[in-house]
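Residues in the sequence shown are numbered from 408 upward in steps of one, following this note's numbering. Built from N, CA and C at the ideal position, the CB exists for glycine as well.
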Amino acid sequence: MEAINEYYIDNGKLRKLEEWREEGEGKLIYEVIRIINGKPLFYKEHYDRMINSFKLNNYKNDITYDEVLNDINNLVKSNNKTLGNIKIIFNTKSNEFKIFFIKHSYPTDEMYKEGVKTILYFGERENPNAKVINNSFRGAVNKEIKKNDAHEAILVDRNGYITEGSRSNIFLIKGSNVYTSKVEAVLPGVTRTEIIKVAKENSINIIEENIRYTDLEKFDVLFISGTSPNILPIRRVNGLEFDVENDLLRKLMRLFDELICRNTLN
């Protein structure tokens with residue numbers, strides 16, 4: 408069981424964790440949202456992506472923006488937790504949903520300073536634009552990450568293009584330009600979208616372009632983006648080393664931290 412803490416939400420009702428019912432058969436559409444100062448970070452963007460995942464899977468559910476938000480606020484208040492990650496799951500077969508806290512692991516200060524080790528993984532997710540649980544793919548990638556003592560795996564598709572991380576999006580920097588894969592090939596991460604926005608607002612050039620893994624050595628910087636890591640520098644991909652002190656990288660990290668502060672002030 409992934410759920411932690413004392414309470415969870417089951418179809419809009421607050422229940423004790425000991426009342427937990429395991430999921431039945433059915434495709435599971437999900438979102439993971441970070442809670443900071445008791446507030447769901449970038450909630451609107453997560454809700455919109457969830458509705459888009461419904462559409463991509465031909466799943467109809469009339470749950471509203473306010474209903475989900477009220478459930479999240481109830482969960483946070485009842486558990487008396489102002490920091491952490493929550494997960495929302497919709498079962499497309501039973502039409503049931505749950506919201507609950509999950510264990511979180513945020514990068515350390517040292518990771519943000521020194522960067523992390525990653526590997527290339529030659530594989531791609533089915534229907535990358537939709538956030539759907541795929542335990543077999545996740546398990547295979549995790550096995551390689553653990554075997555190589557890496558923090559994350561960068562996915563490479565059948566055509567040799569970098570798409571995304573196994574649980575993150577990937578950005579690259581070359582000179583004054585910031586690159587990321589075209590949205591058609593990836594899960595449109597909420598953090599990814601917000602990084603692109605904040606970059607454009609600060610006149611930083613963003614290029615959405617598919618990059619071949621064989622061209623990685625041409626880039627100065629790589630970094631991960633996601634709900635838990637925010638912006639996390641990559642020190643190494645397989646045998647390639649990258650700059651973790653790059654000025655543009657550090658500027659983006661500062662701008663994104665400021666954006667989070669503005670969105671979570673009480």
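Practice task
On a CA-only basis, which of TYR454, ASN418 and CYS668 is nearest SER501? Give me that one, please.
Solution key: Of the residues TYR454, ASN418 and CYS668, the one whose Cα lies closest to the Cα of SER501 is ASN418.
Practice task
Compute the beta-carbon to beta-carbon distance between PHE507 and ILE416, rounded to the nearest angstrom, for a pair I have assumed lies under 8 Å.
Solution key: Rounded, the Cβ-Cβ distance is 7 Å, consistent with contact.
Problem - Cβ contact (3+ pairs, closer than 8 Å) linking the stretch 440 to 450 and the stretch 472 to 491 - result: In the pairwise beta carbon analysis, the stretch 440 to 450 is classified as touching the stretch 472 to 491: at least three pairs are separated by under 8 Å.
Exercise for the section: Look at the alpha carbon of LYS520 and the alpha carbon of PHE461, and state the distance between them as a whole number of angstroms. Expected result: Looking at the backbone, the Cα of LYS520 and that of PHE461 are separated by about 38 Å.
Problem - Sub-7 Å separation of PHE626 and LEU656 beta-carbons - result: In terms of Cβ geometry, PHE626 and LEU656 do not form a close pair [threshold 7 Å].
Practice task
Figure out for me which residue from MET518, ILE411 and TYR472 has the closest Cα to the Cα of LEU482.
Solution key: Minimum Cα distance to LEU482 is reached at ILE411.
Handout entry: Chain-order list of residues whose beta-carbon lies under 7 Å from that of GLU624 (same chain, five-residue window excluded)
Key = Contacts found: LEU647.
Exercise for the section: Indicate whether the contact test is met: 3 or more Cβ pairs, each with one atom in the stretch 627 to 640 and one in the stretch 605 to 613, closer than 8 Å. Expected result: Under the 8 Å Cβ criterion, the stretch 627 to 640 does not count as touching the stretch 605 to 613, having fewer than three qualifying pairs.
Practice task
Return yes when the Cβ of GLU413 is within less than 7 Å of the Cβ of ASN477, no when it is not.
Solution key: Using a Cβ distance threshold of 7 Å, ASN477 and GLU413 do not count as a contacting pair.
Exercise for the section: Find the nearest neighbour of ASP564 within the set ASP556, HIS558, ALA557 and SER573, judged by alpha-carbon distance. Expected result: Scanning ASP556, HIS558, ALA557 and SER573 for the CA closest to the CA of ASP564 turns up SER573.
Problem - Close Cβ partners of MET408 (< 7 Å) along its chain, the five nearest in sequence each way excluded - result: Contacts found: TRP427.
Handout entry: Residues near GLU432 in its chain [Cβ-Cβ closer than 7 Å; skip 5 each side]
Key = So the list reads LYS500, once near-sequence residues are dropped.
Exercise for the section: Inspect the CB distances between the stretch 585 to 592 and the stretch 544 to 554 and report whether three or more fall short of 8 Å. Expected result: Too few Cβ pairs lie closer than 8 Å, so no.
Exercise for the section: Sort GLU503, LEU562 and ILE667 by Cα distance to GLU429 and report the nearest one. Expected result: Scanning GLU503, LEU562 and ILE667 for the CA closest to the CA of GLU429 turns up GLU503.
Problem - LYS607 to PHE529 span [Cα, whole Å] - result: Answer to the nearest angstrom: the Cα atoms are 31 Å apart.
Practice task
Kindly give me the distance between the Cβ atoms of ASN464 and LYS434, rounded to whole angstroms, as I take these residues to be in contact under 8 Å.
Solution key: Contact annotation, ASN464 with LYS434: C-beta distance approximately 6 Å; criterion of less than 8 Å satisfied.
Handout entry: TYR415 in three-state terms, based on DSSP
Key = Correct three-state label for TYR415: strand.
Practice task
Would you kindly work out how many angstroms separate the C-alpha atoms of ASN566 and ASP622, rounded to a whole number?
Solution key: Distance between the alpha carbons of ASN566 and ASP622: 13 Å.
Problem - Bridge partners - LEU527, DSSP secondary structure assignment - result: LEU527 is bridged to ILE561.
Exercise for the section: Consult DSSP for PHE626 and reduce its assignment to one of helix, strand or coil. Expected result: PHE626 falls in the coil class under three-state DSSP.
Problem - Buried/exposed call for GLY582, threshold 16 Cβ in 10 Å - result: By the 10 Å Cβ count, GLY582 comes out exposed.
Practice task
Confirm the yes/no value for this check: CB of GLU652, any heavy atom of the ligand GTP, distance under 6 Å.
Solution key: For the ligand GTP, the structure offers nothing, since it holds no ligand at all.
Problem - Identity of the residues DSSP links to VAL644 by a beta bridge - result: DSSP, once it has assigned bridges, lists THR525 and LEU647 as partnering VAL644.
Problem - ASP455 to LYS420 span [Cα, whole Å] - result: Across the structure, ASP455 and LYS420 are spaced so that their CA atoms are roughly 22 Å apart.
Exercise for the section: Could you spell out where the beta strand (DSSP E) holding ASN492 opens and where it closes? Expected result: First-last of the beta strand (DSSP E) with ASN492: 490 to 498.
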